[in-house]
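**Q** Its first residue numbered -8, the sequence shown is counted upward by one per residue in our numbering.
From the three backbone atoms N, C-alpha and C, an ideal C-beta is built for every residue, glycine too.
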Amino acid sequence: MDTDRLPGCYRHPDRDTGITCTRCERPICPECMISASVGFQCPECVRGGSGTGHAAAANAPRTVAGGIVAGDPVLVTKVLIGINAAVFLAAFLVPGLAIQLELLGRYVEYYGAPVEGVATGQYHRLLTSTFLHVEWWHIIGNMLALWVIGGPLEAALGRVRYLALYLLSGLGGSALVYLLTAPNTPTLGASGAICGLLGATVVLARRLRYEMRPVMVTLVLMLVVTFVPFGGSWSVSWQAHIGGLVTGALVALGLLGPATGRKRTLIQWGTCAAVFLLAAALVLVRTAALT
-8 MDTDRLPGCY RHPDRDTGIT CTRCERPICP ECMISASVGF QCPECVRGGS GTGHAAAANA
52 PRTVAGGIVA GDPVLVTKVL IGINAAVFLA AFLVPGLAIQ LELLGRYVEY YGAPVEGVAT
112 GQYHRLLTST FLHVEWWHII GNMLALWVIG GPLEAALGRV RYLALYLLSG LGGSALVYLL
172 TAPNTPTLGA SGAICGLLGA TVVLARRLRY EMRPVMVTLV LMLVVTFVPF GGSWSVSWQA
232 HIGGLVTGAL VALGLLGPAT GRKRTLIQWG TCAAVFLLAA ALVLVRTAAL T
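Shown next as structure tokens:
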């Protein structure tokens, strides 16, 4: 037995090392050692916030956008589907709820009633309308699209960035609807937000150099549904689709840029803030025109 042999790394026993974690004293190889204020520490001690100066999640696995890899990578998508389903049920059970949540610029429900709508300060309609559906086939179609497109995107971005993308896409679609649609025309549905996820998926596919044909086919089908009339009383809001699509692509460009570290975080949240301010500016311009 060779008593002079160095101990093996606790994570890679075949790698001899003379370095130990300054906290738990386990042997660690160069791949596992993480610089601390004094010496080196192992990944487990760093994750536990052992006084190295790193946050507890400093060494956690990250997504392509820098988000923390979650145990359930599609949790936010499930929650969003649940919220949409709950609002759909509530609108069915509570008379008049739908008209209080749908996107309307400025309207009077009946002669002598007070003026209502986004132009009167009811800005919540810009987002509540994106969770509202009044037809069962409408919500089923949108939720299937949300699951298919949103699930993989959430796993790639991380929960917080994905939620920001979804909400900003919905807001961007609503802002363009508010700007370009007659103020007494009701608009509702998650299509704007979902189109935003599709726009982000195009950016992600290019960023990771994936096969683009399936994504482009989906994009073309969305545009066909948006602009080609199929008859019937239901109509698609092209403003919501295009507004959401463009917003989602812009946000994704910021989230998936080549920058790293603190600069990447600054660019990501700076992009989200800029997109929000742009949507807010459109809303204010339209409100000024209607009042």
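Counting along the chain, where does the alpha helix (DSSP H) carrying Q230 start and finish?
**A** Here residue 230 refers to the residue found at position 239 when the sequence shown is read from its first residue. Start and end: W229 to L246.
**Q** What whole-angstrom Cβ distance do L156 and F267 have, given they're in contact under 8 Å?
**A** Within the sequence shown, residue 156 is the residue found at index 165, counting from 1. Within the sequence shown, residue 267 is the residue found at index 276, counting from 1. Not a contact, Cβ separation roughly 12 Å.
**Q** G180: which of H124, V216, A270 and G132 sits nearest, CA to CA?
**A** Locating residue 180 in the sequence shown gives position 189, where the first residue counts as 1. If we check each option's Cα against that of G180, H124 comes out closest.
**Q** Below 8 Å between beta carbons: does that hold for L94 and S26?
**A** What you label residue 94 is simply residue 103 of the sequence shown in a count that begins at 1. What you label residue 26 is simply residue 35 of the sequence shown in a count that begins at 1. Their beta carbons are not under 8 Å apart, which means L94 does not touch S26 by this criterion.
**Q** Determine the direct distance from the alpha carbon of G103 to that of V219, and round the result to whole angstroms.
**A** For the purposes of this step, residue 219 is identified with residue 228 of the sequence shown, where counting begins at 1. For the purposes of this step, residue 103 is identified with residue 112 of the sequence shown, where counting begins at 1. Going from the Cα of V219 to the Cα of G103 covers about 39 Å.
**Q** Please report how far the alpha carbon of G44 lies from the alpha carbon of P34, in whole angstroms.
**A** Within the sequence shown, the letter at position 53 stands for residue 44. Within the sequence shown, the letter at position 43 stands for residue 34. Below a pLDDT of 50, predicted positions are generally treated as unreliable, and G44, at 46, falls in that range; no measurement from the model is reported.
**Q** Buried or exposed for N133, going by 16 or more other Cβ atoms inside 10 Å?
**A** Counted from its first residue, the sequence shown places residue 133 at position 142. Its Cβ being crowded by 16 or more others within 10 Å, N133 is buried.
**Q** Which of the three DSSP states, helix, strand or coil, is assigned to Y1?
**A** On the sequence shown, position 10 is the one that residue 1 refers to. DSSP places Y1 in coil when its eight states are reduced to three.
**Q** Have a look at E126 and S120 and give me their C-alpha separation to the nearest angstrom.
**A** One-based indexing of the sequence shown puts residue 126 at position 135. One-based indexing of the sequence shown puts residue 120 at position 129. Using only the alpha carbons, I get a separation of about 14 Å.
**Q** Would you list the residues sitting across from Q32 in a DSSP beta bridge?
**A** In the sequence shown, the residue the question calls residue 32 occupies position 41. Paired residue(s): I25.
**Q** Under the three-state reduction of DSSP, which class applies to L94: helix, strand or coil?
**A** Taking the sequence shown and counting its residues from 1, the one referred to as residue 94 is at position 103. In the structure shown, L94 sits in a strand (DSSP, three-state: E or B).
**Q** If distances are taken between C-alpha atoms only, which option among L137, H232, G187 and M24 comes closest to N75?
**A** Here residue 75 is taken as the residue at index 84 of the sequence shown, counted from 1. Out of L137, H232, G187 and M24, L137 has the C-alpha closest to the C-alpha of N75.
**Q** By a C-beta neighbour count over all protein chains shown, 10 Å radius and 16 as the cutoff for buried, is S182 buried or exposed?
**A** Here the question's residue 182 lines up with position 191 in the sequence shown. The residue in question, S182, is buried, as its Cβ has 16 or more Cβ neighbours within 10 Å.
**Q** In chain order, what residues of the same chain lie with their CB nearer than 6 Å to the CB of G108, ignoring the 5 residues before and after it?
**A** Start at 1 with the first residue of the sequence shown, and residue 108 comes out as number 117. Excluding positions up to five away in sequence, the list reads L95, G96, R97 and Y98.
**Q** For V99, list the residues DSSP reports as bridge partners.
**A** Here residue 99 corresponds to residue number 108 of the sequence shown, with the count starting at 1. V106.
**Q** Where does the unbroken alpha helix (DSSP H) through H129 begin, and where does it stop?
**A** Taking the first residue of the sequence shown as position 1, residue 129 is located at position 138. Run containing H129: W127 to A136, per the alpha helix (DSSP H) assignment.
**Q** Out of L236, H129 and W260, which has the shortest C-alpha to C-alpha gap to L247?
**A** Counted from its first residue, the sequence shown places residue 247 at position 256. Ranking the options by Cα distance to L247, first place goes to W260.
**Q** Give the straight-line distance between the Cα atoms of L236 and G187, rounded to the nearest whole angstrom.
**A** Here residue 236 refers to the residue found at position 245 when the sequence shown is read from its first residue. Here residue 187 refers to the residue found at position 196 when the sequence shown is read from its first residue. So the two alpha carbons sit approximately 4 Å from each other.
**Q** Only counting the same chain, and skipping five residues up and downstream in sequence, which positions put a Cβ closer than 6 Å to that of A196?
**A** As a first step, residue 196 must be located in the sequence shown, where it is residue number 205. Hits under 6 Å: M203 and V206.
**Q** Check whether the segment 54 to 62 touches the segment 142 to 149, taking contact to mean three or more Cβ pairs, one atom from each stretch, closer than 8 Å.
**A** Verdict: yes, contact present.
**Q** Might you give, ordered along the chain, the residues of its own chain that have their beta carbon closer than 8 Å to the beta carbon of V168, omitting 5 neighbours on each side?
**A** Numbered from its first residue, the sequence shown carries residue 168 at position 177. Result list for V168: L94, T178, G183, S228, Q230, A231 and G234, in chain order.
**Q** For R277, count neighbouring C-beta atoms within 10 Å of its own C-beta (all shown protein chains included) and say buried if the count is 16 or more, exposed if not.
**A** Along the sequence shown, read from residue 1 onward, the residue named residue 277 stands at position 286. Classification for R277: buried.
**Q** Of the residues G58, M213 and L66, which one's Cα is nearest the Cα of R253?
**A** Reading the sequence shown from its first residue, position 262 is the one you call residue 253. When each option's Cα is compared against that of R253, the closest is G58.
**Q** Is it buried or exposed, I131, if we count other Cβ atoms within 10 angstroms and call 16 or more buried?
**A** Working through the sequence shown from its first residue, we reach residue 131 at position 140. Its Cβ having fewer than 16 others within 10 Å, I131 is exposed.
**Q** Can you tell which of Y153, I258, V193 and I185 has the C-alpha that lies nearest to the C-alpha of P64?
**A** Here residue 64 corresponds to residue number 73 of the sequence shown, with the count starting at 1. Checked all of Y153, I258, V193 and I185; the closest Cα to P64 is Y153.
**Q** What is the residue span of the alpha helix (DSSP H) that E145 lies within?
**A** Here residue 145 refers to the residue found at position 154 of the sequence shown. First-last of the alpha helix (DSSP H) with E145: G142 to L148.
**Q** Does DSSP put R53 in a helix, a strand or coil?
**A** The count along the sequence shown starts at 1 and reaches residue 53 at position 62. R53 falls in the strand class under three-state DSSP.
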